[in-house]
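Protein chains in written order, with the numbering used here: chain A, 17 to 136; chain B, 17 to 136.
Working notes, beginning with the structure itself.
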DNA sequence: AAGTTATATAACTAAGACGTTATTTATGCA
DNA sequence: TGCATAAATAACGTCTTAGTTATATAACTT
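Structure below.
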């Protein structure tokens, strides 16, 4: 699943998330996107390429401009992955040893927690 | 939202996602985690620190071992963020210009697409 | 055709990520 | 005590990322 590599990697950068936030309001060109972020146009173009490779945005051709907008495939993919994690998490919390572990890790009940014998 | 930086960054690495997949089956120690991945123990320890900083896993103390398990906060946080993107995406797709854009970007209908006279 | 505008690409630099081996710290055990 | 084991940390090399400036490409404008 290397699309996940690209997708999560793309989302890990605050500038790229800001770009997505801007695109959430509607499509925008490179220069429009570059304006609010004090950063050069080439830098934004690179970020856009990363986002597009990740499947998070799409291009459109309009003369010399290339307005970008949000795309869905990556989001669906990510959602699906996170779902498996959520499920596993829920399942683990239902297990007894997880409950015991939770008690064990509470510093109030056992100052210096152990479990083999009980000393130090 | 720099927790998102950490969370998405953590999920961008395939080794770390594999670690999470293993932890989805239940808690495991560093050495147990290191075994399947042919990688040294220090490397795994670093990955675990990244995952923990991101809020994706937790530790437990058991003598000299530190079994890890999945944690929820980061997932909730991520879910919430993705939700805003999903919403924006849906909203954008409801707009007329987005629909026109979709047609415009279809290479079959217009070989060298323009639009100065059409929408915008 | 010539100039302008929108974007992409190239070449470079600085910083960060990810792996290694060697060593340290902390606990358990004889 | 002293040795063994689990995990963390240090120091280091290498590859990747994110930014810069300079330049190239493509399309619109006159």
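Heads up, the beta-carbon is just placed ideally off N, CA and C, and yes, glycines get one too.
All values derive from a computational prediction rather than experimental measurement.
Kindly indicate which three-state DSSP category residue 85 (chain A) falls into: helix, strand or coil? As a working mapping, residue 85 (chain A) is identified with position 69 in the first chain. Note: residue 85 (chain A) maps to strand in three-state DSSP.
Can you tell me the Cβ-Cβ gap for residue 39 (chain A) and residue 94 (chain A), rounded? I've got them flagged as a contact below 8 Å. Residue numbering aside, residue 39 (chain A) sits at position 23 when the first chain is read from its first letter. Residue numbering aside, residue 94 (chain A) sits at position 78 when the first chain is read from its first letter. Residue 39 (chain A) to residue 94 (chain A), Cβ: 16 Å. No contact.
Would a C-beta distance cut-off of 8 Å place residue 32 (chain B) and residue 77 (chain B) closer than the cut-off? Here residue 32 (chain B) is taken as the residue at index 16 of the second chain, counted from 1. Here residue 77 (chain B) is taken as the residue at index 61 of the second chain, counted from 1. No, the pair does not count as a contact, with Cβ atoms beyond the cut-off.
Extent of the continuous beta strand (DSSP E) run through residue 43 (chain B): For this step, residue 43 (chain B) is matched to residue 27 along the second chain. Where residue 43 (chain B) is concerned, there is no enclosing beta strand (DSSP E), given that its DSSP letter is neither H nor E.
Assigned secondary structure, residue 29 (chain B) (DSSP; H/G/I helix, E/B strand, else coil): Here residue 29 (chain B) refers to the residue found at position 13 when the second chain is read from its first residue. Coil, per DSSP.
Buried or exposed: where does residue 89 (chain B) fall if 16 or more other Cβ atoms within 10 Å of its Cβ makes it buried? One-based indexing of the second chain puts residue 89 (chain B) at position 73. By the neighbour-count rule (16 or more Cβ atoms within 10 Å), residue 89 (chain B) is not buried but exposed.
Assuming contact is defined by CB atoms lying nearer than 8 Å, are residue 138 (chain A) and residue 28 (chain B) in contact in what I supplied? No information on residue 138 (chain A) is available, as it lies outside the stretch 17 to 136 that chain A covers here.
Residues of the region 23-49 of chain B with a CB closer than 9 Å to any CB of chain A: list them in chain order, please. 23, 24, 25, 26, 27, 28, 29, 30, 33, 36, 37, 39, 40, 41, 42 and 43
Using a Cβ-based criterion (distance less than 7 Å to any ligand heavy atom), does residue 59 (chain B) qualify as near the ligand FMN? For the structure depicted, the ligand FMN is absent and the ligand set is empty, with no information on it obtainable.
Kindly indicate the opening and closing residues of the alpha helix (DSSP H) around residue 57 (chain B). The residue given as residue 57 (chain B) occupies position 41 in the second chain. Element bounds for residue 57 (chain B): 57-69.
Which residues bound the beta strand (DSSP E) around residue 75 (chain B)? Residue mapping note: residue 75 (chain B) aligns to position 59 of the second chain, counting from 1. Where residue 75 (chain B) is concerned, the enclosing beta strand (DSSP E) stretches over 73-75.
Round the Cβ separation of residue 81 (chain B) and residue 45 (chain B) to the nearest angstrom and send it over; I've been treating them as touching at under 8 Å. Position 65 of the second chain, counted from the start, is the residue given in the question as residue 81 (chain B). Position 29 of the second chain, counted from the start, is the residue given in the question as residue 45 (chain B). Right, their Cβ atoms sit about 5 Å apart.
At the level of alpha carbons, what is the spacing between residue 47 (chain A) and residue 25 (chain A)? Along the first chain, one-based indexing puts residue 47 (chain A) at 31. Along the first chain, one-based indexing puts residue 25 (chain A) at 9. Approximately 23 Å between the Cα atoms of the pair.
For residue 21 (chain A): DSSP bridge partner residues: Counted from its first residue, the first chain places residue 21 (chain A) at position 5. Answer is none; residue 21 (chain A) lacks a bridge partner.
Residue 70 (chain A): buried (16+ other C-beta within 10 angstroms of its C-beta) or exposed? Along the first chain, read from residue 1 onward, the residue named residue 70 (chain A) stands at position 54. Label assigned to residue 70 (chain A): buried.
Pull the bridge partners of residue 78 (chain A) from the DSSP assignment, please. Taking the first chain and counting its residues from 1, the one referred to as residue 78 (chain A) is at position 62. Partner(s): A:81.
Our contact map puts residue 18 (chain A) next to residue 83 (chain A) with C-beta atoms below 8 Å; I'd like the distance itself, whole angstroms only. Mapped onto the first chain, residue 18 (chain A) falls at position 2. Mapped onto the first chain, residue 83 (chain A) falls at position 67. Their Cβ separation, rounded to whole angstroms, is 28 Å, which puts residue 18 (chain A) and residue 83 (chain A) out of contact at 8 Å.
Take residue 64 (chain B) as the anchor and find which of B:36, B:79 and B:51 has the nearest alpha-carbon. Numbered from its first residue, the second chain carries residue 64 (chain B) at position 48. Comparing Cα-Cα distances from residue 64 (chain B) to each of B:36, B:79 and B:51, the minimum goes to B:36.
Please work out which residues of its chain come closer than 6 Å, Cβ to Cβ, to residue 124 (chain B), disregarding the five sequence neighbours upstream and downstream, and give them in chain order. The residue given as residue 124 (chain B) occupies position 108 in the second chain. Summary for residue 124 (chain B): the model assigns pLDDT 39, below 50, so the residue's position carries little reliability, and this model does not support an answer.
If we ignore side chains and look at the alpha-carbon of each, how far apart do residue 91 (chain B) and residue 34 (chain A) end up? In the second chain, the residue the question calls residue 91 (chain B) occupies position 75. In the first chain, the residue the question calls residue 34 (chain A) occupies position 18. When rounded, the distance between both Cα atoms is 20 Å.
Helix, strand or coil for residue 111 (chain A) per DSSP? Taking the first residue of the first chain as 1, we reach residue 111 (chain A) at position 95. Residue 111 (chain A): coil per DSSP, three-state reduction.
Using a beta-carbon distance below 8 Å, is residue 82 (chain A) in contact with chain B? The residue given as residue 82 (chain A) occupies position 66 in the first chain. For residue 82 (chain A), the answer is no, since every Cβ of chain B falls outside 8 Å of its Cβ.
With a CB to CB cut of under 6 Å and the five nearest residues on each side skipped, what residues in its chain are close to residue 50 (chain B)? Residue mapping note: residue 50 (chain B) aligns to position 34 of the second chain, counting from 1. Cβ within range, chain order: 57 and 60.
Using a Cβ-Cβ distance under 8 Å, would residue 129 (chain B) count as near chain A? Within the second chain, numbered from 1, the residue matching residue 129 (chain B) stands at position 113. Because residue 129 (chain B) sits at a pLDDT of 38, beneath the cut-off of 50, its placement in the model cannot be relied upon, and the following sentence gives the value as read from the coordinates. Chain A, which has a Cβ nearer than 8 Å to the Cβ of residue 129 (chain B), makes this yes.
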